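Enquirer: Final position of the sequence shown in my numbering is 1311; the numbers increase by one with none missing. Heads up, the beta-carbon is just placed ideally off N, CA and C, and yes, glycines get one too. Being a predicted model, the structure only gives us computed values, none of them experimental. Can you keep this structure in mind? I'll have questions shortly.
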Amino acid sequence: MAQESFRPWVGEHYDETKLLLLGAWWDENNQRRNPSLDLPKKMVKEVLNDFASSNRFMKMLSRGLVGEEEPSKELLRRVWHRVAFTYYVGETKSDFCSNILNKLRPWRIIVIGRTLWSKMPNADVYMTDDVQGYLFDEDRSVAVCLAHPYPGWARLADTIHFALGRELPRSGRCPVDGE
């Protein structure tokens, strides 16, 4: 029996970007655990409440979203409410489509880490080794998936700008701020 899917963080203004950040959950010994299914929501709430004490992965995601190394609490709140975030548990393709793709209907998915990228279900559309797509069941439109090597918040900021069809980040600009 497949592991149940995590319940994603979905920001209040997610429909403005339809950008999904997808990570893999591993513990410090590189082994899977069975954390709470609300873990993505909990992790985002923690970074919004106390960025300084957040874990390295969430800091990297937050810095990439904001495009700054030390983001303000207000800016963090603004960007996290424009994206969705969840962990992927290596489901079958039909589970991935029903549990993540067709529920969130993202336009773009940034897959964090080469290990996770290698565990993604076979894509419906192959563009390059690092850009692939999944078809929505309903209308057969495509969610474009971009591989992002972990770590690297500055490169993530560039990837987010590319994914959203915007110019590359400039100092002090927020990649998902809806300018």
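Going by Cα to Cα distance, which pick from G1245, S1168, E1202 is closest to F1183?
Expert: Position 51 of the sequence shown holds residue 1183. Looking at the Cα atoms, E1202 is the closest of the given residues.
Enquirer: Mind listing, in chain order, the continuous alpha helix (DSSP H) runs of no fewer than 4 residues lying wholly within the segment 1210 to 1292?
Expert: DSSP runs (the alpha helix (DSSP H)) wholly in the segment 1210 to 1292: 1225 to 1228, 1246 to 1251.
Enquirer: Rounded to the nearest angstrom, what separates G1222 and Y1266 at their Cα positions?
Expert: Residue numbering aside, residue 1222 sits at position 90 when the sequence shown is read from its first letter. Residue numbering aside, residue 1266 sits at position 134 when the sequence shown is read from its first letter. Taking the straight line joining both Cα atoms gives about 15 Å.
Enquirer: Looking at the unbroken beta strand (DSSP E) that takes in R1155, where does it start and where does it end?
Expert: For the purposes of this step, residue 1155 is taken as the residue at position 23 of the sequence shown. Per the sequence shown, the amino acid found at residue 1155 is Gly instead of Arg. Segment 1151 to 1156, the beta strand (DSSP E) holding G1155.
Enquirer: For the segment 1208 to 1216 against the segment 1244 to 1258, do three or more pairs of beta-carbon atoms, one drawn from each stretch, fall closer than 8 Å, so that the two count as touching?
Expert: The segment 1208 to 1216 is not in contact with the segment 1244 to 1258.
Enquirer: Would you call the segment 1222 to 1239 and the segment 1267 to 1279 touching, i.e. three or more CB-CB distances under 8 Å?
Expert: Yes, the segment 1222 to 1239 is in contact with the segment 1267 to 1279.
Enquirer: Cα separation between N1162 and H1280?
Expert: Numbered from 1 along the sequence shown, position 30 holds the residue referred to as residue 1162. Numbered from 1 along the sequence shown, position 148 holds the residue referred to as residue 1280. Low local confidence applies: a pLDDT of 45 at N1162 is under 50, so the model's placement there is unreliable, and no value is given.
Enquirer: Who are the near neighbours of D1261 in its chain, counting only those whose CB is closer than 8 Å to its CB and skipping five residues on each side?
Expert: Taking the sequence shown and counting its residues from 1, one reaches residue 1261 at position 129. Contacts found: A1279.
Enquirer: Rounded to whole angstroms, what's the CA-CA distance from R1287 to A1295? Just pull it up for me.
Expert: Here residue 1287 is taken as the residue at index 155 of the sequence shown, counted from 1. Here residue 1295 is taken as the residue at index 163 of the sequence shown, counted from 1. Cα to Cα, R1287 sits roughly 12 Å from A1295.
Enquirer: Taking the C-alpha atoms as reference points, what is the distance between R1139 and P1172?
Expert: Reading the sequence shown from its first residue, position 7 is the one you call residue 1139. Reading the sequence shown from its first residue, position 40 is the one you call residue 1172. Cα to Cα, the separation comes out at about 7 Å.
Enquirer: Give every residue of the same chain whose Cβ lies closer than 7 Å to the Cβ of V1390, excluding the five residues on either side of it in the sequence, and list them in chain order.
Expert: There is no way to answer for residue 1390, as the model of the chain reaches only from 1133 to 1311.
Enquirer: Give me the DSSP bridge partner(s) of V1198.
Expert: Mapped onto the sequence shown, residue 1198 falls at position 66. Answer is none; V1198 lacks a bridge partner.
Enquirer: Are the beta-carbon atoms of I1292 and L1154 separated by less than 8 Å?
Expert: Looking up residue 1292 in the sequence shown gives position 160. Looking up residue 1154 in the sequence shown gives position 22. Taking 8 Å as the Cβ cut-off, I1292 and L1154 do not qualify as a contacting pair.
Enquirer: State the Cα-Cα distance for the pair R1119 and T1224, rounded to the nearest angstrom.
Expert: Here the chain comprises residues numbered 1133 to 1311, so residue 1119 is not present and cannot be evaluated.
Enquirer: What do you get for V1257, buried or exposed, if any count of 16 or more other CB atoms within 10 angstroms of its CB means buried?
Expert: Taking the first residue of the sequence shown as 1, we reach residue 1257 at position 125. Answer is exposed; the Cβ neighbour count stays below 16.
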